[in-house]
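A.B. asks: Okay, here's the structure, questions in a sec.
Have a look at this one:
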């Protein structure tokens, strides 16, 4: 066999790059697990989301992503992990349900299904993420932390703008659901050709508490690969060897393992090797599992003991072989103090001890030698988790790490950072520990703040060409039994700080909406450091430029229509003469005008003003009738009327003004129209052909003595009073009985006749004036019930 050359080395490097980026994903999970749930340490619900759009052919033409995913899957511990997969392009092409990854056959079958989907089509990011989030929520083990590994070239792009917007909306919804279900998304941007949209992918990771990694060159691959293992397991990649295979074709490399904290060992060999064996410190070959791919070989074993180990393998003389080692570990750090043992509140004179124990595989390290190779340092924080001091060295004594110190009065929180043996771990927080100047009685237990509402939802309408800033004051979103004032911080957000929003003086100012739906997790602290979280969810509705244009076009069409109507009305001529008569304080005036075109305002007539609005007018029709336009209208019974038809048949419209009950005759205004060509057709003033416009208490309005009431002074209206049958009129000048004043009182002024009893006694709004409306002409007759019959 001969050296495959630079091309193969390049493929190996690219594979390393992808694998490194994939494994970065679980950093936060490795650091957040609890020691009291030992069986789930470094065990995960993992869903791989793989972009299979046509652009992936250009981004990763050699298919190195499959090598990277396979490396990630095979590095998982031999039991306890669950895996699932989603492959997407135009939509979801493959949805592989979550299964237990406890045997190599399951892992191999999983990889074959991912590889079976050929790249094609567009990039529907929203569909891929949404499917993965739903899969974990419905199928994942609730006892395990959950992560999504998202590999893409970063570009959400569909065939149409509408489809792209729909995908982005689904992406925003998926991010929000991931936040609500504590699912972290770790995104790897395969940006080999520098064309990927890294902003989109980094936001997906940031919004869910994950990590983003961009791969751009071979130089990035090694760093990304090392970071992968440091983060996924809280460990480090240990380089055992990087050399040329000697002439005898046998590779021998020694390595050592610690006494405590290693659950499983992965030896990763890059190069062509076979017959790999692992020998323990007792010079015995241990059982191991070997997995080979195109670019690497993984040897995994779990029978771990302290001491010096040896790897042997056969290789091709003259070829380069690189050997790395990575631990799978379930090591945790448990922190405690002697605060309870002091017997009273901790004072500044008391020596406070903070200690830490190592726990692995359900066992707590109690012997000093089990701590060999590890170092621990203490971090001191205030109530709001601001670091006061860190890097405080802790010593091994009595089978634990310990440090004793005196502290100034105040409230403190603590955590321990563990490093060594190529591992890195962090304890949970310890606190609150309150230090006082002198011993005091044990205080009442402090209670944490409580949210006024767990979730607050807001909508923002984003309109082009205007300031769409959204402001939210967080003061008062939580309350506390002990503290009136709370301290607020943004714990996390879907939006990008600086790019999308700022937070200052307890106010969120959102100026840019990179997601159509996003959220803020706002943490409220009391003075003792206890806290609660409130979720603020913001949905932005983009009233886009296209919508604005459509609305503008509609408005323009309406203006054109109105303009046409106004123009047409303005050129229509009056075909007759308008006569207006008024009677105020028993003094009558009249004026007659022959209109020309369009309309004539009532105010143009030289008669008394009875309080009708100035824009009340007469509208020409070009026919033998006109319209009396009353602004803003009057009421006839329950019907509001703005336009009254006045026929040119000799009839007259008369409006009576309501006055107070002092015996005075009401003022009135009368209007008639005399056309040039008289029409004898009988019509009511609503334009209805009828020989009896009102009927006899059986028509449209019944007996309308008094008509509708209209307030001509201030635009207010009252209900029309209905009157009983009018007595026969006493003179030929009036067809009406006297109107009522709204209080059931009538007038009797000789020629107006005597009003009969009212049917009911409805009153107008007190203190307001109005008009009664009806017809009269000099030849009208009154039937037995007082109904008017225009002739």
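Numbering (the numbering used here), first residue to last: 993 to 1783. Even for Gly, the Cβ is constructed at its ideal location relative to N, Cα and C.
Classify residue 1110 as helix, strand or coil using the three-state DSSP reduction.
C.D. replies: As a first step, residue 1110 is located in the chain shown; it is residue number 118 there, counting from the start. Residue state, collapsed to three classes: coil.
A.B. asks: Any idea which residues DSSP pairs residue 1443 with across the strands?
C.D. replies: Counting from 1 along the chain shown, the entry for residue 1443 is found at position 451. Its beta-bridge partners are 1470.
A.B. asks: When you compare the CB positions of residue 1569 and residue 1580, do they come within less than 8 Å of one another, or not?
C.D. replies: The residue given as residue 1569 occupies position 577 in the chain shown. The residue given as residue 1580 occupies position 588 in the chain shown. No.
A.B. asks: Taking residue 1398 and residue 1343 to be in contact with their CB atoms under 8 Å, please state how far apart those CB atoms are, rounded to whole angstroms.
C.D. replies: On the chain shown, residue 1398 is found 406 positions in, with the first residue counted as 1. On the chain shown, residue 1343 is found 351 positions in, with the first residue counted as 1. Going by Cβ atoms, the distance from residue 1398 to residue 1343 rounds to 6 Å, so yes, they are a contact pair.
A.B. asks: Would you call the region 1324-1334 and the region 1275-1291 in contact, with 3 or more CB pairs under 8 Å?
C.D. replies: With the cut-off at 8 Å, the region 1324-1334 and the region 1275-1291 do not touch.
A.B. asks: Under DSSP, the alpha helix (DSSP H) around residue 1262 begins and ends at which residues?
C.D. replies: Reading the chain shown from its first residue, position 270 is the one you call residue 1262. Unbroken run through residue 1262 is the beta strand (DSSP E), 1256-1262; no alpha helix (DSSP H).
A.B. asks: Leaving out five residues on either side along the sequence, give the residues of the same chain with a beta carbon under 7 Å from the beta carbon of residue 1251.
C.D. replies: Within the chain shown, residue 1251 is the residue found at index 259, counting from 1. Answer for residue 1251: 1298, 1361, 1362 and 1364, listed in chain order.
A.B. asks: State the DSSP-derived secondary structure class of residue 1583, mapped to helix, strand or coil.
C.D. replies: In the chain shown, residue 1583 corresponds to position 591, counting from 1. Reduced to three states, the DSSP call for residue 1583 is strand.
A.B. asks: Pairs of beta-carbons, one from the region 1141-1156 and one from the region 1186-1196, closer than 8 Å: are there three or more?
C.D. replies: These segments touch.
A.B. asks: What residues in its chain sit with their C-beta under 7 Å from that of residue 1237, if we drop five residues either side in the sequence?
C.D. replies: In the chain shown, the residue the question calls residue 1237 occupies position 245. Taken in chain order, the residues that qualify are 1243, 1307, 1308, 1309, 1310, 1311 and 1313.
A.B. asks: In the DSSP assignment, find the beta strand (DSSP E) that holds residue 1319 and state where it starts and stops.
C.D. replies: As a first step, residue 1319 must be located in the chain shown, where it is residue number 327. Note, residue 1319: beta strand (DSSP E), 1312-1320.
A.B. asks: Go ahead and label residue 1404 buried or exposed: buried means 16 or more other beta carbons lie within 10 angstroms of its beta carbon, across all protein chains shown.
C.D. replies: As a working note, residue 1404 is residue 412 in the chain shown. Residue 1404 is buried by the Cβ-count criterion.
A.B. asks: Span of the alpha helix (DSSP H) holding residue 1064?
C.D. replies: Numbered from its first residue, the chain shown carries residue 1064 at position 72. Counting along the chain, the alpha helix (DSSP H) containing residue 1064 begins and ends at 1056-1067.
A.B. asks: Three-state secondary structure (DSSP) at residue 1249?
C.D. replies: Counting from 1 along the chain shown, the entry for residue 1249 is found at position 257. Here residue 1249 sits in strand by DSSP.
A.B. asks: Taking DSSP's pairing of strands, which residues face residue 1611 in a bridge?
C.D. replies: Counted from its first residue, the chain shown places residue 1611 at position 619. Paired residues: 1591 and 1619.
A.B. asks: What are the residues that DSSP puts in a beta bridge with residue 1355?
C.D. replies: By one-based count along the chain shown, residue 1355 stands at place 363. Bridge partners of residue 1355: 1352.
A.B. asks: Given a cut-off of 8 Å, decide if residue 1120 and residue 1793 are closer than it, judged by their beta-carbon atoms.
C.D. replies: With the chain covering 993 to 1783 only, the question about residue 1793 has no answer from this structure.
A.B. asks: Sorted by chain position, which residues of the same chain lie with C-beta nearer than 8 Å to residue 1387's C-beta, five sequence neighbours on each side aside?
C.D. replies: Start at 1 with the first residue of the chain shown, and residue 1387 comes out as number 395. Answer for residue 1387: 1393, 1394 and 1395, listed in chain order.
A.B. asks: Do you know whose CA, among 1413, 1505, 1400 and 1408, lies nearest residue 1455's CA?
C.D. replies: Position 463 of the chain shown, counted from the first residue, corresponds to residue 1455. Out of 1413, 1505, 1400 and 1408, 1505 has the C-alpha closest to the C-alpha of residue 1455.
A.B. asks: Tell me the rounded alpha-carbon separation between residue 1201 and residue 1185.
C.D. replies: Numbered from its first residue, the chain shown carries residue 1201 at position 209. Numbered from its first residue, the chain shown carries residue 1185 at position 193. Spanning the two alpha carbons is a distance of roughly 27 Å.
A.B. asks: Do you know offhand how far residue 1578's Cα is from residue 1592's?
C.D. replies: Working through the chain shown from its first residue, we reach residue 1578 at position 586. Working through the chain shown from its first residue, we reach residue 1592 at position 600. Rounded to whole angstroms, residue 1578 to residue 1592 spans 26 Å at the Cα level.
A.B. asks: Measure the C-alpha to C-alpha separation of residue 1457 and residue 1535 and round it to an integer number of angstroms.
C.D. replies: Along the chain shown, read from residue 1 onward, the residue named residue 1457 stands at position 465. Along the chain shown, read from residue 1 onward, the residue named residue 1535 stands at position 543. C-alpha separation (whole angstroms): 11 Å.
A.B. asks: Going by Cα to Cα distance, which pick from 1153, 1124, 1521 and 1113 is closest to residue 992?
C.D. replies: In the structure displayed, the chain extends from 993 to 1783; residue 992 sits before or after that span and is not available.
A.B. asks: Can you say whether residue 1427 is buried or exposed, counting buried as having 16 or more other CB atoms within 10 angstroms of its CB?
C.D. replies: On the chain shown, position 435 is the one that residue 1427 refers to. It is buried - the Cβ of residue 1427 has at least 16 other Cβ atoms within 10 Å.
A.B. asks: Quick test of the definition: if touching needs 3 or more C-beta pairs under 8 Å, does the region 1073-1091 touch the region 1103-1116?
C.D. replies: Touching, yes.
A.B. asks: Grouping DSSP H, G and I as helix and E and B as strand, with all else coil, what is residue 1326?
C.D. replies: Here residue 1326 refers to the residue found at position 334 when the chain shown is read from its first residue. Strand.
A.B. asks: Closer than 7 Å by C-beta to residue 1824: which residues in its own chain qualify, once you throw out the five before and the five after it? Chain order, please.
C.D. replies: Residue 1824 cannot be examined here, being either before or after the span of the chain that is shown, 993 to 1783.
A.B. asks: Express the C-alpha separation of residue 1425 and residue 1272 in angstroms, rounding to a whole number.
C.D. replies: Here residue 1272 refers to the residue found at position 280 when the chain shown is read from its first residue. Here residue 1425 refers to the residue found at position 433 when the chain shown is read from its first residue. Using only the alpha carbons, I get a separation of about 46 Å.
A.B. asks: If you draw a straight line from the C-alpha of residue 1431 to the C-alpha of residue 1330, how long is it?
C.D. replies: The residue you call residue 1431 lines up with position 439 of the chain shown. The residue you call residue 1330 lines up with position 338 of the chain shown. Each residue's alpha carbon lies about 16 Å from the other.
A.B. asks: Mapping the DSSP letters down to three states, classify residue 1332 as helix, strand or coil.
C.D. replies: Along the chain shown, read from residue 1 onward, the residue named residue 1332 stands at position 340. Helix at residue 1332.
A.B. asks: Evaluate residue 1753 with the Cβ neighbour count: other Cβ atoms within 10 Å of its Cβ, from every protein chain shown; 16 or more gives buried, anything less gives exposed.
C.D. replies: Residue 1753 sits at position 761 when you count from the first residue of the chain shown. Model confidence at residue 1753 stands at a pLDDT of 29, short of 50, so the residue's coordinates are unreliable; what they give is reported in the following sentence. Exposed is the call here.
A.B. asks: Quick one: is residue 1575 near chain D, going by C-beta distance under 8 Å?
C.D. replies: Although the question refers to chain D, the structure presented lacks it and comprises just one protein chain.
A.B. asks: Ends of the beta strand (DSSP E) at residue 1465?
C.D. replies: Here the question's residue 1465 lines up with position 473 in the chain shown. Segment 1462-1465, the beta strand (DSSP E) holding residue 1465.
A.B. asks: Residues bridged to residue 1142 by DSSP?
C.D. replies: The count along the chain shown starts at 1 and reaches residue 1142 at position 150. Bridge partners of residue 1142: 1041 and 1179.
A.B. asks: In chain order, which continuous runs of the beta strand (DSSP E) of length 3 or greater are located wholly inside the region 1399-1461?
C.D. replies: Correct list: 1402-1412, 1415-1418, 1422-1428 and 1447-1454.
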